[in-house]
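In full-length UniProt numbering, the protein residues as written are 1 to 454.
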C-alpha cells in the first residue's frame, strides 16, 4: 500500500541525511519532493499543507542534539510529523477499548463491499488470540443473501461461538437477544455485524442507530476499504452524524491503494485508525501503529515486526520436526520437504515480506525474480499425489510413477522433474549443514537455489 510513497520519500530523505546544516534553502527541494509524493499518494491537500508547514517550522532555526547531524534530526522531525498526522504517539490510543462490564459489545458498521463481515471474523479471532477472551459473534444483516451463513462459516474458522439467527427477521431484536445470550453465558465480548449500506440511505442509517441504542456498544468501528481513497472522509463524517464512531478498521492495505487515506483520516475527521486488514486470511489483521508505518514510509521499518508476523503463522511443532531433520536424521525425504513447503506457504508472499524490509533495495533483481510463491503450492500438490513409499524413498520415482503423479496432481511430468530437482538441492543443503555448520551454508545459499523457488 505504501510502496510508491516509501520509494519517493525515502529517496528524498536520503539526499539530505548527511547535511551538516539545515537551512530553508537546502530543505526546500526535499520538502517539495515530499509534498509531491504525498499528493500523488492521494493524501488530502489540506493535510499535505499542514504537514509541510509543521516540518518546516520544526526544522529551521532549531538547536539540535549534538549526537545527530542536522540531516538526521530532520529525518526525526519528518517521522514525528508522520506519526502525529496518522494518529497518536501513544500506543494505547489505538488499542481496542474493553474497559466495561462483560460482555464488551463491538458494533461493526460500514458501506457495502468494504469487507465488513470478513473483518468481523478476523476481529473475533484477533480478540480471542490477543486478549484471551471468550467471544460471541452475531449477524444482524437480514438483507444480504447468505450474509448470516458467511459469518457462521467465519466463526468456525476463528473457533469462536456464533449466535444462530437464521429465521429471524428483525435486526434490532437479533442484537438484543444476542446480548442477552452473551450475558447469560458469560461471554467477554460480543461482536455484532450489521448490514452494509449506502451512507446516503437514511432508513438504514436509522436502523444502525437503533441497534446501537439497544446494545450500548463500547466500540463502534467503521470498516473502510483502503481502495476507496478520499471518499472515506465523507463516509466517516456521514456515519458519525448518526452514531458516534470510536475508530476505523482499514481493510486491504496489502493491495494497490496509494496509502493517502491512512494519512488523511485523523486530521480530516478526528477519528483514529485502530486496526488494519493486511491480507485475505482470517488471521490477517493487526493494530494500526503509526510509528511503524512512519518508519516504513521512511525506509526504516523495524524488521522485528516482520519476524513477529512470521512467528504468528508458523507451526512450532513442525519447526521442531524440521530441526530434527537438519541435525539428527540420516536421510532427508519428501515428508520433510513437504513440512518445509507448508510452513513457507503459511508465511504468505515471500516477495511481499522482502519488500517490507528496510534494505530490500540491496536484494539483487535476479534473486527477486526467482521468488515464486505459486511454485510452493504446485510442489505441495505434487507431493500430496504421491504414495507413502514414494515420499519416503524418492529415488524410486521413475518414468511410470512420474506419469501417474502428474495425472493425479494435474501437472506435467516436467513439473515433477522440477520439484525433484529442487528437492535434491534442499537435500544437499541439509547435508551441508550437517557437515559444515549453518554459517557456511548461509554463505553459499544461492548455489542451492538455481531455479525459481528462491
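Built from N, CA and C at the ideal position, the CB exists for glycine as well.
Taking the alpha carbon of residue i as the point to measure from, which residue in the options has its own alpha carbon closest?
| i | options | result |
| --- | --- | --- |
| residue 285 | 248, 292, 294 and 275 | 275 |
| residue 44 | 110, 232, 99 and 159 | 232 |
| residue 79 | 411, 98, 101 and 295 | 295 |
| residue 128 | 283, 336 and 288 | 283 |
| residue 287 | 416, 390 and 248 | 248 |
| residue 426 | 41, 335 and 150 | 335 |
| residue 193 | 202, 230, 228 and 149 | 149 |
| residue 140 | 165, 134, 161 and 159 | 165 |
| residue 182 | 281, 133 and 293 | 133 |
| residue 228 | 114, 415, 169 and 177 | 114 |
| residue 230 | 94, 47, 429 and 331 | 47 |
| residue 331 | 417, 429, 374 and 281 | 429 |
| residue 374 | 415, 389 and 398 | 415 |
Please tell me whether residue i and residue j are closer than 9 Å, where the distance is taken between their beta carbons.
| i | j | result |
| --- | --- | --- |
| residue 23 | residue 52 | no |
| residue 273 | residue 86 | yes |
| residue 107 | residue 221 | yes |
| residue 226 | residue 174 | no |
| residue 100 | residue 218 | yes |
| residue 179 | residue 103 | yes |
| residue 142 | residue 170 | yes |
Beta-carbon within less than 6 Å of residue i's beta-carbon, same chain only, minus the 5 sequence neighbours each way: which residues are those?
| i | result |
| --- | --- |
| residue 396 | none |
| residue 379 | 341 and 419 |
| residue 290 | 83, 86 and 87 |
| residue 8 | 37 |
| residue 12 | 30, 33 and 34 |
| residue 253 | 1, 226, 276 and 278 |
| residue 385 | 405, 408 and 409 |
| residue 138 | 163, 178 and 192 |
| residue 131 | none |
| residue 176 | 214 |
| residue 97 | 218 and 219 |
Residues in its own chain within less than 7 Å of residue i by CB, not counting five upstream and five downstream?
| i | result |
| --- | --- |
| residue 404 | none |
| residue 172 | 210, 211 and 214 |
| residue 423 | 334, 337 and 394 |
| residue 50 | 267 |
| residue 77 | 55, 58 and 59 |
| residue 361 | With a pLDDT of 45 at residue 361, under the threshold of 50, the modelled position of that residue is not reliable, and the figure given next carries that caveat. Contacts found: none. |
| residue 147 | 117, 139 and 141 |
So residue i and residue j are supposed to be a Cβ contact under 8 Å. How far apart are they, rounded?
| i | j | result |
| --- | --- | --- |
| residue 298 | residue 75 | 7 Å |
| residue 400 | residue 382 | Not a contact, Cβ separation roughly 16 Å. |
| residue 277 | residue 251 | 4 Å |
| residue 109 | residue 224 | That pair is no contact at about 10 Å. |
| residue 413 | residue 421 | At roughly 13 Å, the Cβ-Cβ gap does not stay under 8 Å, so residue 413 and residue 421 are not in contact. |
| residue 81 | residue 54 | 5 Å |
For residue i, I'd like the list of residues in its chain whose CB is within less than 8 Å of its CB, leaving aside the five on either flank, ordered along the chain.
| i | result |
| --- | --- |
| residue 144 | 195 and 196 |
| residue 199 | 111, 205, 234, 235, 238 and 239 |
| residue 266 | 85, 86, 87, 272 and 273 |
| residue 216 | 105 |
| residue 407 | none |
| residue 333 | 391, 392, 393 and 394 |
| residue 159 | 125 and 128 |
| residue 411 | 378, 381 and 382 |
| residue 417 | 402 |
Discussion item. Counting beta carbon pairs with one atom in the segment 230-239 and one in the segment 174-193, are three or more of them shorter than 8 Å?
Written reply: no
Discussion item. Under 8 Å, with one C-beta from each stretch per pair, do the segment 195-215 and the segment 122-136 reach the 3-pair mark?
Written reply: no
Worksheet item: Is it true that the segment 152-165 meets the segment 101-121, where meeting means three or more beta-carbon pairs spaced less than 8 Å apart?
Response: yes
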